[in-house]
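Trainee: Protein chains in written order, with this note's numbering: chain F, 22 to 155; chain S, 22 to 155; chain A, 22 to 155; chain Z, 22 to 155.
Each residue gets a CB set at the ideal place from its N, CA and C atoms; glycine is no exception.
Predicted model only: the values in this text are computed from it and were never measured.
My questions will all concern the structure given below.
Number of protein chains: 4
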Amino acid sequence: MFTYETSVKLHDTDAAGLLFFAHQFTLAHDAYELFMESIGESFDKIINRSDYLLAIVHAEADFKKPLFSGDHLTINLTPQHLGNTSFTLIYDLRNTDGVSVGTVRTVHVCIDKQTRKKKPLPEELRKALLGRHQ
Amino acid sequence: MFTYETSVKLHDTDAAGLLFFAHQFTLAHDAYELFMESIGESFDKIINRSDYLLAIVHAEADFKKPLFSGDHLTINLTPQHLGNTSFTLIYDLRNTDGVSVGTVRTVHVCIDKQTRKKKPLPEELRKALLGRHQ
Amino acid sequence: MFTYETSVKLHDTDAAGLLFFAHQFTLAHDAYELFMESIGESFDKIINRSDYLLAIVHAEADFKKPLFSGDHLTINLTPQHLGNTSFTLIYDLRNTDGVSVGTVRTVHVCIDKQTRKKKPLPEELRKALLGRHQ
Amino acid sequence: MFTYETSVKLHDTDAAGLLFFAHQFTLAHDAYELFMESIGESFDKIINRSDYLLAIVHAEADFKKPLFSGDHLTINLTPQHLGNTSFTLIYDLRNTDGVSVGTVRTVHVCIDKQTRKKKPLPEELRKALLGRHQ
């Protein structure tokens, strides 16, 4: 499990006064970005210095509690369903009281940049995901 | 069915060169916003001059084709599962060739602003959704 | 002068109920993107099929009137200060009453992708800008 | 001076591979939000439990160096031009080498929520700004 601490910023909210729903996906993706950096697979490396990309093919979220500007969030990221060419990430968002306020799930597929076909996950990434597998 | 024409803007993309996944939700929500305006239930009215709000409790998306800055999109919105206090919207995103490049699904629950409890959907909204029900 | 019609979306606002200030720059940039497309210089072409890029080196905005979700906007874009390697764009945002609600100014410099040095503006772009020069 | 540590996220970049210019304003605003929280004037308090708001009437930025996804940023915020009803904030963005990569300036006016007229800055805010005044 990888943990990311953040907070809801004013620009994450909308005129209804709460977190705009799509930004829950963005905050979860920030956790994913820092997780990848922590295992030596930064997005900068994947985008500019690798032969593969990790395409998100499915994403979903549940919204359990309203979130306001300034709310602190702990996002716990857990890999699931680690396959040959794909993996799933589960994100649990908790407030300062430790209450789960929302969840996100993203499904990622490894794609060859040249052929645009699925390809096996890089071994380092597989190991890092396995090490944190639920 | 309600149709919204838009295009992928540069700020919808990221350094991987494609639409950032969370923005597919935002583009779908733009269609929802214009749909609501078209039936006389603008967000401004709901937020500032009504006793209810429509909370998104679940959202999911499939990403079928890469989308690039400048790509034109037709988003078709269809109501589904119209209940007493909730409804679901399905969005189908198509490119200029008419090919489905992605889908979004959002589940909305009507909440009383005072009590924060579920309440029946306003009759006008129910009728408008029913008129476009799949 | 190039004109772009749009509206303030819910995700452009924040919990204070108004347009989040940074999004005025984004809306102006959308006008710039469509202007470039209209003169055959789409961002997709510049990013993927050209030897130059147009870097924004300065941007500023004045905020004259509050803008709310659903507000319709007419953005008028006018080139100014067309130099050898740079140009300035002025954007005037008007509401449905024709009242100016805000302005944006962006300064763009043409950069060689290889050397990262300034280079003269492409002739087609220069002509297009000159044709609409104030 | 107030210091905020952050990093450029993938969603802050666009298909040109760099930070999308408008997001430099957003990152600076995040620093402002955390500064306000640090002095007991959180946006949540101002929006929901005060008789005033702080409207941004002008914003400008210089973009000195390209910023990429994953780049760490130190944002130093300094108040300037503290007036009776307004103040200016200067933000200096530095990379991990301590090099200034960009600046932002925002001008804020204190507005009475009822009358929508300018009003004097709250005393606590004035003191906090003065304590950090350049």
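When you compare the CB of residue 61 of chain A with every CB in chain F, is at least one pair closer than 8 Å?
Mentor: no
Trainee: Taking just the CA atoms, how far does residue 95 of chain F sit from residue 151 of chain S?
Mentor: Rounded to whole angstroms, residue 151 of chain S to residue 95 of chain F spans 40 Å at the Cα level.
Trainee: Would you verify that the beta carbon of residue 43 of chain S is, or is not, closer than 8 Å to some beta carbon of chain F?
Mentor: In terms of beta-carbon proximity, residue 43 of chain S lines the interface with chain F, with at least one pair separated by less than 8 Å.
Trainee: Beta-carbon of residue 74 of chain S versus every beta-carbon of chain F: anything under 8 Å?
Mentor: yes
Trainee: Any beta-carbon of chain S closer than 8 Å to the one on residue 83 of chain F?
Mentor: yes
Trainee: Give me the Cα-Cα distance between residue 104 of chain Z and residue 83 of chain A, rounded to the nearest whole angstrom.
Mentor: 19 Å
Trainee: Identify every residue that forms a DSSP beta bridge with residue 77 of chain F.
Mentor: F/129
Trainee: If you follow the alpha helix (DSSP H) that residue 51 of chain F is part of, which residue opens it and which one closes it?
Mentor: 42–59
Trainee: Taking only the alpha-carbon atoms, compute the straight-line gap between residue 86 of chain A and residue 32 of chain A and give it to the nearest angstrom.
Mentor: 18 Å
Trainee: Can you pull the chain S neighbours of residue 91 of chain A, defined as C-beta to C-beta under 7 Å?
Mentor: 58, 63, 64, 65
Trainee: For a quick check, are the C-beta atoms of residue 53 of chain F and residue 110 of chain F less than 8 Å apart?
Mentor: yes
Trainee: When DSSP builds the beta bridges, which residues end up paired with residue 100 of chain F?
Mentor: F/110
Trainee: Tell me whether residue 59 of chain Z is buried or exposed, calling it buried when 16 or more other Cβ atoms sit within 10 Å of its Cβ.
Mentor: exposed
Trainee: With 8 Å set as the bound, which would you pick, yes or no: does the beta-carbon of residue 134 of chain Z sit closer than that to a beta-carbon of chain F?
Mentor: no
Trainee: Check whether the Cβ atoms of residue 80 of chain A and residue 62 of chain Z lie closer than 8 Å to each other.
Mentor: no
Trainee: Who are residue 123 of chain S's beta bridge partners in DSSP?
Mentor: Beta-bridge pairing links residue 123 of chain S to S/84, S/114.
Trainee: For residue 23 of chain S, which of helix, strand or coil comes out of DSSP?
Mentor: strand
Trainee: What's the call for residue 138 of chain Z, buried or exposed, on a 16-neighbour Cβ count within 10 Å?
Mentor: Exposed.
Trainee: CA-CA distance, residue 68 of chain S and residue 57 of chain S?
Mentor: C-alpha separation (whole angstroms): 12 Å.
Trainee: Specify the secondary structure class of residue 150 of chain A as computed by DSSP and reduced to three states.
Mentor: helix
Trainee: Quick check: the Cα distance between residue 98 of chain S and residue 130 of chain Z, rounded to an integer number of angstroms?
Mentor: 41 Å
Trainee: Grouping DSSP H, G and I as helix and E and B as strand, with all else coil, what is residue 142 of chain A?
Mentor: coil
Trainee: So, residue 27 of chain F versus residue 40 of chain F, is the Cβ gap smaller than 8 Å?
Mentor: For residue 27 of chain F and residue 40 of chain F, no; Cβs fall outside 8 Å.
Trainee: Would you identify the three-state DSSP class for residue 39 of chain S, choosing helix, strand or coil?
Mentor: Coil, per DSSP.
Trainee: Can you name the residues of chain S whose CB is closer than 9 Å to the CB of residue 47 of chain A?
Mentor: 30, 32
Trainee: What does residue 36 of chain S touch in chain F if you count any residue whose Cβ is under 9 Å from its own?
Mentor: For residue 36 of chain S, the neighbours in chain F by C-beta distance under 9 Å run, in chain order, 64, 65, 68, 69.
Trainee: Answer yes or no: do residue 35 of chain F and residue 34 of chain A have a C-beta to C-beta separation smaller than 8 Å?
Mentor: Their beta carbons are under 8 Å apart, which means residue 35 of chain F touches residue 34 of chain A by this criterion.
Trainee: Does the beta-carbon of residue 45 of chain F have 16 or more other beta-carbons within 10 angstroms, so that it is buried, or is it exposed?
Mentor: Around the beta carbon of residue 45 of chain F, a 10 Å sphere encloses 16 or more other beta carbons of the protein chains shown; the residue is thus reported as buried.
Trainee: Under 9 Å between beta-carbons, which chain A residues line up against residue 50 of chain S? List them in chain order, please.
Mentor: Those are 30, 31, 32, listed as they occur along chain A.
Trainee: Sort Z/92, Z/100, Z/90, Z/143 by Cα distance to residue 126 of chain Z and report the nearest one.
Mentor: Z/100
Trainee: What does DSSP give as the partner residue(s) for residue 94 of chain F in the beta ladder?
Mentor: F/27
Trainee: If we count the other Cβ atoms within 10 Å of its Cβ and call it buried at 16 or more, is residue 124 of chain F buried or exposed?
Mentor: buried
Trainee: For chain A, find out if any of its Cβ atoms is closer than 8 Å to the Cβ of residue 77 of chain Z; answer yes or no.
Mentor: Yes, because at least one Cβ of chain A sits closer than 8 Å to the Cβ of residue 77 of chain Z.
Trainee: Relative to the C-alpha of residue 89 of chain F, which candidate in F/108, F/30, F/64, F/153 has its C-alpha closest?
Mentor: F/30
Trainee: Taking all protein chains shown into account, do 16 or more other C-beta atoms lie within 10 angstroms of the C-beta of residue 120 of chain F, making it buried, or fewer, making it exposed?
Mentor: exposed
Trainee: Comparing alpha-carbon positions, which option in Z/134, Z/140, Z/135 lies nearest residue 108 of chain Z?
Mentor: Z/140
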